[in-house]
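From first to last, the protein sequence lines are chains A and B.
Be aware that the first sequence starts at 4, since it is given in my numbering, and climbs by one per residue.
Be aware that the second sequence starts at 4, since it is given in my numbering, and climbs by one per residue.
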Amino acid sequence: MISKIVEQVSPSGIREFFDLVLGMPEVISLGVGEPDFISPWRVRERAITALEEGMTSYTSNQGLFVLRRAISNHLKKKYSLAYNPEEEILITAGVSEGFDLAVRTVVEPKDKVIVVSPYYVAYPALVQICSAKVLYLTTRQEDGFKIDPKQLSKLLSQNPKAIILNYPSNPTGVTYSYEELKEIWRLLSKKEVIVISDEIYEELTYEGSHHPFASLSQKAKMRTVFLNGFSKGYAMTGFRVGYACANRRIISAMNKIHSYSALCAPIISQLAAVEALQAQRQVNQMRNEYKRRRDFIVKELNRVGLSTVMPEGAFYCFSSLKKLKIKSMEFAKKLLYDQKVAVVPGTAFGKEFDCYVRISYANSLDNLKESIVRIEALLSKIC
Amino acid sequence: MNDILEILADNARISVGDLAKLTGKNKQTIEKEIKSYENKGVIVKYKTVINREKIKDEKGVVALIEVQVIPQKDVGFDTVAARIYRFPEVKSCYLISGTYDLLLVVEGKDIHTVASFVSEKLAPLSSVKGTVTHFMLKKYKEDGVVLVKEGKNQRLAITY
């Protein structure tokens, strides 16, 4: 009954664990992939006003022009990155939809697509749904979970159609400096590979500044699908609004699929997003708060013996269990049953990462402090 | 506001050790900075926000009192204000623009106590032209904290 392609998409072994967590009350969850802040008030108020004004219709498939223009201006001002709002920007229902469209637009069956691991779960799954082959570029803690140029060159020799980049990264929080990105582009530019760059955590960069892949050069821009949105930095996950920027041909093709499947992003969310671009002060406040929590939790995790690379962005730590000689699922279950703290086992982000857990610090400082006490209590039992 | 003040404004009980972890500064520096804020009067007091409605047998009323005063030559409102804010019943005192001059927050054990404060102490002052007393009926939010029960956050406990 179900399509073979869909059936073959590896069902996540983690689902079961997720259900365990969801069924357990009173758990401190460090397993959450979304902000613990609510959307800034001015954003919510704009949504309320939109409803009062009777803004309940479809918008154009490509999205409200006011929003596309606001995004275009925002990117120009922030990164000197110029996209024409008429034909190079598409509003999507979150980056998730934008990513799906990008993959379906450029990837054909049997194509190869590089996915950097550990990866966000949707990447390999959607590539597989397109009947394409995933080439995993596995990063290592020793390299700070960053792309190793040698390994990249090797995979590029297999002539992949596309590479998926995600920085700051979920689950490692790792991001790249301008020089590191230049080096990646130098290697990619030798090939005809399309770059699908998911930069949804862009606003949450704590060290140095973010550099969109498309801002590296005009050529890089022509080959990149730049994906971004409002969910993380603006704490607007429930609004489901994101955007894709790319050359005219790619955007027009993505819009073709989008117009048949999603039709358009919700109008209320689009109007709220226009307002969000004015809420930079609130975004900065949230960023400062995440940074404080990060400094706290990374220090504490390393102190108790879960070696953790300092994440430069997003709100995750990818912590090592190597010293404990315990598998990630077993550790996560013990922590859940024994101490009522939830974390996500590393295998959710790639099978090689069975000695890691992802710890989200999108949580109150009190909860983070209490979690550390509980993690320490568990460690003293199993060590 | 700097980092330390911002954190303390929200949680005065946080330890110096935790402040150090949050700000990346060392403990001595933080202790020094806090001492200096205290000396300069930047940090005035460490207080606790209590939801009195949740305390059994807790009685007491709060009133906001608008006071119209006659400003005095050379010193304006300041001397009149000082005369008034020295009463221990007055918890807060602000000079306000608009139809009246001073806004007082007055606490007492019941309505009669507040009423007699107004009629016996406040209103008879020669510099006071008139008062309007508003008794507080319910507190919804105080110091940025919502005191009534709100809808629960719908965030799923675990997501990718």
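Where a beta carbon is used, it is the ideal one built from N, C-alpha and C, also for glycine.
query, result
"Contact list for Arg-2/B against chain A, beta-carbon separation under 8 angstroms", "Outside the displayed span of chain B (4 to 163) sits residue 2/B, for which this structure offers no information."
"Expected contact under 8 angstroms - CB spacing of Val-119/A and Thr-142/A to nearest Å", "6 angstroms"
"Straight-line gap, Ser-180/A to Thr-208/A (C-alpha atoms, nearest Å)", "11 angstroms"
"is_contact[Ser-32/A, chain B] using C-beta, thresh 8 angstroms", "yes"
"Rounded straight-line distance, which links the Cα of Gln-154/A to that of Ala-12/B", "49 angstroms"
"Delimiting residues of the beta strand (DSSP E) encompassing Gly-245/A", "245 to 248"
"Three-state secondary structure (DSSP) of Tyr-61/A", "coil"
"Collapsed DSSP secondary structure at Ser-172/A in the structure displayed", "coil"
"For Val-307/A, three-class secondary structure by DSSP", "helix"
"Cβ contact check for the region 123 to 135 of chain A and the region 93 to 104 of chain A: 3 or more pairs under 8 angstroms", "yes"
"Neighbour-count burial assignment, Leu-145/A, 16 or more Cβ in a 10 Å radius", "Correcting the residue identity first, residue 145/A is Glu in this sequence and not Leu. Flag for Glu-145/A reads exposed."
"Stretch-stretch touch, CB-based, cutoff 8 angstroms, three pairs: the region 276 to 292 of chain A with the region 165 to 180 of chain A", "no"
"Residue nearest to Val-344/A in terms of C-alpha spacing, selected from Leu-33/A, Asp-22/A, Phe-20/A, Arg-18/A", "Leu-33/A"
"Start and end residues, beta strand (DSSP E) containing Ile-197/A", "197 to 201"
"C-beta neighbour in chain B for Asp-103/A, strict 8 angstroms", "no"
"Sheet register partners of Asn-231/A (DSSP bridge)", "Tyr-246/A"
"Own chain residues within Cβ distance below 6 angstroms of Met-239/A, not counting five before or after", "Ser-42, Phe-233"
"Simplified DSSP state of Val-30/A, which is helix, strand or coil", "coil"
"Ser-100/B in three-state terms, based on DSSP", "coil"
"Own chain, CB closer than 6 angstroms to Asp-103/A, minus 5 neighbours either side, in chain order", "Leu-129"
"Contacts that Tyr-123/A makes with chain B (C-beta to C-beta distance below 8 angstroms)", "Tyr-163"
"Cβ-Cβ distance between Ser-122/B and Leu-107/B below 8 angstroms", "no"
"Sufficient close CB pairs (3 or more, under 8 angstroms) joining the region 53 to 67 of chain A to the region 7 to 21 of chain B", "no"
"Identity of the residue in Ile-53/B, Leu-22/B, Leu-8/B nearest Val-148/B by Cα", "Ile-53/B"
"Integer Cβ distance of Thr-134/B from Ile-68/B, believed to fall under 8 angstroms", "6 angstroms"
"Cβ of Arg-243/A within 8 angstroms of any chain B Cβ", "no"
"Chain-ordered neighbours of Ala-249/A on chain B, where CB pairs are closer than 7 angstroms", "The premise fails here: Ala-249/A is roughly 25 angstroms from chain B at the closest Cβ pair, so nothing lies under 7 angstroms."
"Contact check, Leu-70/A vs Leu-78/A, beta carbons under 8 angstroms", "no"
"Beta-bridge pairing of Lys-115/A - partner residues as DSSP gives them", "Lys-136/A"
"Chain A contact for Lys-152/B (CB, 8 angstroms cutoff)", "no"
"Among Ala-335/A, Arg-252/A, Gln-131/A, the one whose alpha carbon lies nearest that of Ile-8/A", "Gln-131/A"
"Straight-line Cα distance separating Ser-367/A from Ile-17/B", "13 angstroms"
"Closer than 8 angstroms to chain B by CB, Val-24/A", "yes"
"Cβ pair Ile-87/B, Val-70/B closer than 8 angstroms", "yes"
"Contact under 8 angstroms by Cβ, Ser-200/A with Val-228/A", "yes"
"Glu-205/A versus Val-46/A - alpha carbon distance", "19 angstroms"
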